[in-house]
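Below: the structure, in structure tokens.
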Amino acid sequence: MNEYIIMNSLGSGADGKVNLCMNANSGTLFAIKILDKDKLRKKRVCQQEKTALTDVMNGIEIMKTLNHENIIRLHEVVDDESCSLLFLIISLMEYGPIVDPKYYQKETGEWIEEETARKYFRDVVLGLKYLHNQRICHRDIKPANLLVDKHHVCHISDFGVAFQFEGDDDRLTSSAGTPSFLSPELCKSDGNPRGCPADIWALGVSLYYLIFAELPFRGNSLAELYDEICQKEVEFPREIDPSLEDLFAKMLCKDQDQRIK
-18 MNEYIIMNSL
-8 GSGADGKVNL
2 CMNANSGTLF
12 AIKILDKDKL
22 RKKRVCQQEK
32 TALTDVMNGI
42 EIMKTLNHEN
52 IIRLHEVVDD
62 ESCSLLFLII
72 SLMEYGPIVD
82 PKYYQKETGE
92 WIEEETARKY
102 FRDVVLGLKY
112 LHNQRICHRD
122 IKPANLLVDK
132 HHVCHISDFG
142 VAFQFEGDDD
152 RLTSSAGTPS
162 FLSPELCKSD
172 GNPRGCPADI
182 WALGVSLYYL
192 IFAELPFRGN
202 SLAELYDEIC
212 QKEVEFPREI
222 DPSLEDLFAK
232 MLCKDQDQRI
242 K
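Going by the working numbering, the sequence shown opens with residue -18, and the numbers climb by one from there.
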């Protein structure tokens, strides 16, 4: 495809697949995301008028504007109107998501060592700070969207539901993201949610999951999950450093106006 040689598979999902690819001219390795536009056009998003393809194109336009070492880089888009496939050439993340099963440590019950989690957390904080300074809310921060390269640098990926706001008005008019990582204000019909505090909450839940290999809020149904998120105070399955406990309290504050920025 063009100057890229598509190689072995790196993974697949409902909307497409990811392969290793190489630039035939430079020999540089990339990841190539291959999406079926026809399938995406038929897939509605949360009973809204827009389709999954709308989210993909939104993510592409946002990624084109980004340039930061902790944000996954979009190098090229190949969108041939005569073909139903859409190709995204992105930076190769050799170690994949930070919750890859190969990281799980049975002895400690952790995904990764606490010090490594702190390092990746710092990477994501820098990436998220950059996004918010660019007036962009990610809206789907979770471990599966945090990818690690060969230099052990963590990158934020997947900007399909990201939202670009104007001025200081990051208010959200719709809910998006993964239920277990939604903030309390996103779980309420009258929560008046804002994008940046919601990202901070999701990062707090992600850090908790990295350290304890479990989610802080759970439920047998969506209603139960939302009730826990809104009502239950965060608890820890084992003793942790007081500074880390304080960080969780500030990130997982129920009041978005009091949540750490």
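The C-beta atom is built at its ideal place from N, Cα and C for all residues, glycine as well.
Predicted, not measured: the structure shown is a model, and the values here were computed from it.
Residues near residue i by beta carbon distance below 7 Å, same chain, minus five either side
{"i": "Tyr190", "result": "Pro124, Leu196"}
{"i": "Leu107", "result": "Asn51"}
Same chain, Cβ closer than 6 Å to residue i, neighbours up to 5 away in sequence not counted
{"i": "Asn126", "result": "Ser138, Asp139"}
{"i": "Phe11", "result": "Cys2, Ile70, Leu73"}
{"i": "Glu214", "result": "none"}
Where the beta strand (DSSP E) containing residue i begins and where it ends
{"i": "Leu228", "result": "Taken as a continuous stretch (DSSP letters only), Leu228 belongs to no beta strand (DSSP E), being part of the alpha helix (DSSP H) at 223 to 232."}
{"i": "Ser(-10)", "result": "-15 to -7"}
{"i": "Gly(-3)", "result": "-3 to 4"}
{"i": "Val129", "result": "127 to 129"}
{"i": "Cys248", "result": "Since the displayed the chain opens at -18 and closes at 242, residue 248 lies outside it and no answer follows."}
{"i": "Leu12", "result": "The sequence shown places Ala at residue 12, not Leu. 10 to 17 is the extent of the beta strand (DSSP E) around Ala12."}
{"i": "Glu57", "result": "55 to 60"}
Rounded Cβ spacing between residue i and residue j (contact assumed at less than 8 Å)
{"i": "Ile13", "j": "Tyr(-15)", "result": "7 Å"}
{"i": "Leu188", "j": "Phe198", "result": "Wrong, their Cβ atoms sit about 14 Å apart, outside the cutoff."}
{"i": "Asp61", "j": "Leu21", "result": "Actually they do not touch by this definition, with Cβ atoms about 15 Å apart."}
{"i": "Lys131", "j": "Glu75", "result": "4 Å"}
{"i": "Ile53", "j": "Leu128", "result": "6 Å"}
{"i": "Met(-12)", "j": "Asn0", "result": "6 Å"}
Contacting residues, own chain, Cβ-Cβ under 8 Å from residue i (five flanking each side not counted)
{"i": "Thr9", "result": "Met3"}
With 16 other Cβ atoms within 10 Å as the buried cut-off, status of residue i
{"i": "Phe(-10)", "result": "According to the sequence shown, residue -10 is Ser rather than Phe. With fewer than 16 Cβ atoms within 10 Å of its Cβ, Ser(-10) is classed as exposed."}
{"i": "Asp227", "result": "exposed"}
{"i": "Gly77", "result": "buried"}
{"i": "Lys18", "result": "buried"}
{"i": "Gln237", "result": "buried"}
{"i": "Asp104", "result": "buried"}
{"i": "Asp36", "result": "buried"}
{"i": "Arg240", "result": "buried"}
Boundaries of the alpha helix (DSSP H) in which residue i is found, first to last residue
{"i": "Gly108", "result": "95 to 114"}
{"i": "Asn39", "result": "33 to 44"}
{"i": "Ile192", "result": "176 to 193"}
Would the stretch 177 to 189 and the stretch 222 to 236 be scored as touching if the rule is three or more Cβ pairs under 8 Å? yes
Touching by the beta-carbon criterion (3+ pairs, under 8 Å), the stretch 173 to 181 and the stretch 109 to 121: Three or more pairs of CB atoms, one per stretch, sit closer than 8 Å, so the stretch 173 to 181 contacts the stretch 109 to 121.
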